[in-house]
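Residue 1 is where the sequence shown starts when you use full-length UniProt numbering, and the numbers rise one by one after that.
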Amino acid sequence: MTQTASPTTRVLVIDDSNTIRRSAEIFLRQGGYEVILAEDGFDALAKVNDFEPDLIFCDILMPRLDGYQTCAIIKRNPRFAQVPVIMLSSKDGVFDKARGRMVGSDDYLTKPFTKDQLLQAVAHFRALAVQR
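Set out below in structure tokens:
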């Protein structure tokens, strides 16, 4: 049984790969979420402010502003400090996960991800938000 989200749950996907952005968008829309896409950290920072997402997926390896820098900037802003950030990476290394935690990320998802993995991550953080 697939659980559908309320239309107010907004998810921002930041990735320089068009393929990853589009896959995530399709999976999340099928899950009933509102989705906005950003192709790099600078693009994302403007969209975070305008869109006010409930959850952010952020690629690590991006040009100009990488995922660690992007996450740190988002988390330093008191307005968005509580928004969960899930780092996306093709590397599944302990160092990458630790570095992500150091800049404030809440979780880590290895690419390529499945529809189920993506939707489970969103459902997990939505459940935590309800508990607060």
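Cβ coordinates follow ideal geometry from the N, Cα and C atoms, glycine included.
{"Check": "Burial state of residue 102, where buried means 16 or more other Cβ atoms lie within 10 Å", "Outcome": "exposed"}
{"Check": "Contacts around residue 21, its chain only, beta-carbon distance under 6 Å, and the 5 residues preceding and following it disregarded", "Outcome": "13, 15, 37"}
{"Check": "Rounded C-alpha distance that separates residue 129 from residue 48", "Outcome": "18 Å"}
{"Check": "Bounding residues of the beta strand (DSSP E) (the contiguous stretch that carries residue 38)", "Outcome": "34-38"}
{"Check": "Length of the line joining the Cα atoms of residue 40 and residue 33", "Outcome": "21 Å"}
{"Check": "Other residues of its chain near residue 121: CB distance less than 7 Å, five sequence neighbours each side excluded", "Outcome": "86, 107, 109"}
{"Check": "Per-residue DSSP class, three states only, for residue 87", "Outcome": "strand"}
{"Check": "Residue nearest to residue 69 in terms of C-alpha spacing, selected from 78, 79, 58", "Outcome": "58"}
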